[in-house]
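Taking our numbering, I'd label the letters of the sequence shown as residues 39 to 185. Beta carbons: idealized from backbone N, C-alpha and C, even for Gly. Read the structure below first, then the notes.
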Amino acid sequence: MKVAVTLYESGTTFEEVVIARDYQQANQKALARNPGSTIISTTAIFDQPDHNTSWTEESSYNERYSSSDSSSSGFGGLAVLAIGGWIAWEAWKFGSAIIVGAWQWIVSVAQGVWGLFSWIPFMSPQLVIGIIFGFFLIVLILGLLDD
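Below is the structure:
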């Protein structure tokens with residue numbers, strides 16, 4: 039078991055933590071480490087970290103990346119994901135409305151004024167939106183793969 043032995047020497051009180059089978063062995067080990075000291079108290083330690091350990095990279099990593107309260111962070115991440123999805127959907131609808139409106143204006147002006155672009159009506163606005171957004175999606179993917 040882990041035992042904290044409180045010692046006194048030269049006006050100073052300090053604690054020595056040892057591993058022992060009982061209190062008597064803990065006292066012997068503490069006095070062997072600190073000859074000339076007086077034992078004040080002996081207390082068993084349960085589920086506490088070692089007092090003599092130094093700050094290591096492993097403990098730093100565990101404390102930084104431990105998930106002590108995963109429920110609140112899970113809901114927060116889900117809320118961010120939902121809001122991001124909603125904003126993306128609204129941006130898609132807004133962009134589609136602008137492109138469809140511009141497309142209809144171009145087709146009506148080009149056919150009505152100049153009689154040009156007689157092949158344009160077979161292309162639906164949805165196809166044009168798909169072509170334009172698909173182009174930007176390909177550029178985005180190629181940009182991500184550039185690394």
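Count the other C-beta atoms from every protein chain shown that fall within 10 angstroms of the C-beta of residue i, then say buried if there are 16 or more, exposed otherwise.
i	result
Ser75	buried
Ala129	exposed
Val43	buried
Val56	buried
Trp194	No answer is possible for residue 194: it lies beyond the span of the chain, which begins at 39 and ends at 185.
Leu45	buried
Per DSSP, what kind of secondary structure is residue i in: helix, strand or coil?
i	result
Ala82	strand
Ala42	strand
Give me the DSSP bridge partner(s) of residue i.
i	result
Ile77	Leu45
Ile57	Lys40
Thr173	The residue asked about is misnamed: residue 173 is Phe in this sequence, not Thr. DSSP output for Phe173 lists no bridge partner at all.
Just the Cα atoms here: how many angstroms apart are residue i and residue j?
i	j	result
Arg71	Phe84	22 Å
Ile125	Glu54	59 Å
Asp107	Ala64	At Asp107, the pLDDT of 49 sits below 50, so the modelled position is not reliable and the matter cannot be decided from this model.
Thr51	Ala82	18 Å
Gly114	Trp127	20 Å
Thr80	Gly123	60 Å
Pro121	Asp184	Here the sequence assigns Ile to residue 121, which means Pro is not the residue at that position. Their Cα atoms are separated by approximately 29 Å.
Ser146	Ala117	44 Å
Leu180	Trp141	27 Å
Ile169	Val138	12 Å
Gln62	Gly49	24 Å
Ile167	Val177	15 Å
Ser134	Phe173	14 Å
Leu69	Met39	17 Å
Gln66	Leu119	60 Å
Ile41	Pro73	According to the sequence as given, residue 41 is Val; it is not Ile. Taking the straight line joining both Cα atoms gives about 18 Å.
Ile77	Ala58	16 Å
Phe132	Phe171	13 Å
Could you pull the start and end residues of the alpha helix (DSSP H) that residue i belongs to?
i	result
Ser71	For the record, residue 71 in the displayed sequence is Arg; it is not Ser. Counting along the chain, the alpha helix (DSSP H) containing Arg71 begins and ends at Tyr61 to Arg71.
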